[in-house]
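To start, the structure under review is shown below, and the notes come after it.
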Amino acid sequence: MHMANELLSLPVAGGTLAIAGGVLGLICRKAKQVITSEKLALMGILGAFVFAAQMVNFRLPAMPGTSGHMVGAVLLAIILGPHAAAIVMSSVIIVQCLIFQDGGLLALGCNIINMAIVPTYVGYYLYRIVTAKQFSNLRTYIGVMLACLIGIEMGAVLVPIETSLSGVLMVPFSTFLATMIGVHFLVGLVESLITVTVLAYIQQVRPDIVADNLQGKIRLSKRAVLTTFVVFTIIIGAGLSLLASGMPDGLEWSYAERPDQPNFKPVVSNNDSRIAVVDKLQSKYSLMPDYSVRSDGEDKKIQALAGWRSFAGIFGSITTMVIIWLTAWILRRNNPKTVAV
Amino acid sequence: MHHAHIDKFAYQDSPVHRLDARVKFIAAVIFTAVVISLPRTSFAILFCYAIGPFVILVLGRIPLKFVFKHILLVSPFVLILALSCPLYDKTPVKIAFGPSVFQTTVGWERCCTICGKFVVTMLALIALVSTTRFSNLLAGLGKLGVPKLLIIQLGFLYRYIFVLIDTAQHILRARTGRTFRNLGVKQEMKIASAMLGSLFIRSIDTAERINIAMHGRGFNGNWRTISRLKISNNDYIFGVLFSVFVISLYFFAVPVLN
């Protein structure tokens, strides 16, 4: 999910840019000792691989008509190590912003934190903790699953936090959070399955590539997949029952009813003390903390004046643009020889 | 194969293309910052700000149809979030526009402002990228203090994205040519992972060959470019015009149109 400039306020955008820049600088300095010049070409090409891999789509289970693709952060973290993977993913996000215009220039800090730094580090260390250097079939499987799910989920959770700190969007924090968690639960599930299968494939064909971080042999057995689905069904069931009993942990599933009911009220109300703190922060740091409702009894004259002013602003600007365009067009038509491509 | 990337117009030549990459980059960042810090109620002022990137795009001979198609292509996420605003804020507000006064809600106003800001900042970003070669932009960023490792990484990435996207498209075409029906989830996943795996191994093999070739030519971890980054008089003129445009709009038009 690429953040756009417009969903952030200036202090949040500046702050996240500074954090992302600082962290990336640190990683680069640290990685200089680890990364030899032989690895530079490899890292660059793996970044390009992430782009290409995102084009390989496949039908999603249980949801006809939709297709999923791979994100790749955890796969890179497992194969390259977290520092190099964070640099590769950051470069992918920068290129996505500059060349493909996915995500805004000022939102770059947010995007790098959410999609490059958090998933690679969280994913890598979760994977290391679970496998604990004993690469059994089950441990690897669970490690990759957890790394993908939690790594992606944590990055996704940051999106509503950043937007609510900015105070631009009107969507209630809890609803947005629940939607992001719900959607990225599915994304993470697909990602983890595909990461495991790709790792298994690479291990079968080129075991030398993954030698440091993956040993033995992993095999995606039918039983493992079945168990995963059972476990996730239990988690989802538990979430639903919590929602039914009105517990705040049921947040995750409050979004489930939203698409067909636009007026659906979130189960969790906003009087939680934590949300109050977030609101306080929001009013403190957002550029336009409060909006005043214009009263009906406002002076009609002022309103009419404001109306004509905005009218003049919009039409003046459009006229200016049309004039500029026409002038350029006429000039170019008269001497086409200046066109040098 | 055809790639729908914006960069293709960066190799044209125009006064805007000849400006220094650093100047353009800093201008784009400042412009975006100013636009997103505009108050929520000032929809009209966004049109005035749009004139800036518009002039750059026209001077740089970037086809406007292409620009707007591209903005539409990247808009879904913002659109969905912006359209959710009216659902949550139903405070009534009156908006005067020309002779008429509309009764609407703050949510809709907010939605319009978010979309407007999105279009204007995208115009600025496209104006930057489609008039600056990526290698020059990277060299400029390097001079502005971005870590060298990241610059090298970006250079490699940009160089090989389209090669690997081509490869991926070949693989995808091969799959399409051999698949005639829905194969079921398990088979689909298996095929997709085999495709990704083979793509991955191909990438690594390519990287090994490139590495050998580069070392054969004396690469030692330093990225050398024939960059001709020099701030010329035109850059100063552009900088002055840009600051006059942004500052005058901010101090004269924003209070009036707000």
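Going down the list, the sequences are from chains A and B.
Number 278 in our numbering belongs to position 170 of the first sequence; there are no gaps in the numbering.
Number 726 in our numbering belongs to position 161 of the second sequence; there are no gaps in the numbering.
Every residue, glycine too, gets a C-beta built ideally from N, C-alpha and C.
| query | result |
| --- | --- |
| Unbroken alpha helix (DSSP H) run spanning A112/A, endpoints | Segment: none, A112/A is in no alpha helix (DSSP H) and carries neither H nor E. |
| Neighbour list for K682/B in chain A, Cβ cutoff strictly below 8 Å | N113 and E114 |
| The segment 206–223 of chain A contacting the segment 692–708 of chain B, beta-carbon criterion three pairs below 8 Å | yes |
| Backbone secondary structure at T144/A - three-state DSSP | coil |
| Q311/A classed as buried or exposed, judged by whether at least 16 other C-beta atoms fall within 10 angstroms | buried |
| Beta-carbon proximity list for E261/A, same chain, < 8 Å, skipping 5 on both sides | I289, H292, F293 and G296 |
| Reduced DSSP secondary structure (H/G/I, E/B, other) of D585/B | coil |
| C-beta neighbour in chain B for V179/A, strict 9 Å | no |
| is_contact[D572/B, chain A] using C-beta, thresh 9 Å | yes |
| Spatially closest choice to H635/B from M687/B, Q734/B, Q668/B and L737/B, by CA coordinates | M687/B |
| Short CB-CB distance (under 9 Å) between E146/A and chain B | yes |
| Cut-off 8 Å between Cβ atoms - residues of its own chain near Y653/B, not counting five sequence neighbours on either side | G672 |
| Contact under 9 Å by Cβ, A264/A with Y232/A | no |
| Proximal residues of chain A, C-beta to C-beta of N799/B below 9 Å | The contacting residues do not exist; N799/B stays about 17 Å from chain A at best. |
| Integer-rounded CB distance, given that L584/B should sit under 8 Å from F807/B | The Cβ separation is near 10 Å, so there is no contact. |
| Extent of the continuous beta strand (DSSP E) run through V658/B | P657 to F662 |
| Chain B within 9 Å of T428/A, Cβ atoms only | yes |
| Residues that G781/B contacts on chain A, provided the C-beta gap is smaller than 8 Å | Within 8 Å Cβ-Cβ: nothing; G781/B doesn't reach chain A, min ~12 Å. |
| Closest Cα partner of I716/B within the set L434/A, G275/A, A185/A and L148/A | L148/A |
| The ligand FAD heavy atom lying under 8 Å from the CB of S272/A | Ligands displayed in this structure: none; no statement on the ligand FAD is therefore possible. |
| L277/A and S649/B closer than 9 Å at C-beta | yes |
| Beta carbon proximity, C650/B to chain A, threshold 9 Å | yes |
| Contact under 9 Å by Cβ, I153/A with T771/B | yes |
| 9 Å Cβ cutoff, N379/A in contact with chain B | Summary for N379/A: the model assigns pLDDT 49, below 50, so the residue's position carries little reliability, and this model does not support an answer. |
| Spatial neighbours of R247/A in its chain, beta-carbon cut-off 7 Å, leaving aside the 5 residues before and after | V238 and T239 |
| Rounded separation between A286/A and N787/B - CA only | 46 Å |
| Chain A contact residues for D654/B, given Cβ-Cβ distances below 8 Å | M278 |
| Interface flag, Y233/A vs chain B, CB-CB below 9 Å | no |
| Coil, strand or helix - V666/B by DSSP | strand |
| Partners in chain A for Y723/B, counting only beta-carbon separations shorter than 8 Å | V203 and I207 |
| Any chain A beta carbon closer than 9 Å to V639/B | yes |
| CA-to-CA distance, L714/B to L764/B, given in whole angstroms | 25 Å |
| Proximity below 9 Å, CB of S768/B to CB of L729/B | yes |
| Minimum Cβ-Cβ distance from S768/B to chain A less than 9 Å | yes |
| Enclosing alpha helix (DSSP H) for P268/A [first to last residue] | N245 to S274 |
| Pairwise C-alpha distance: G259/A and M253/A | 10 Å |
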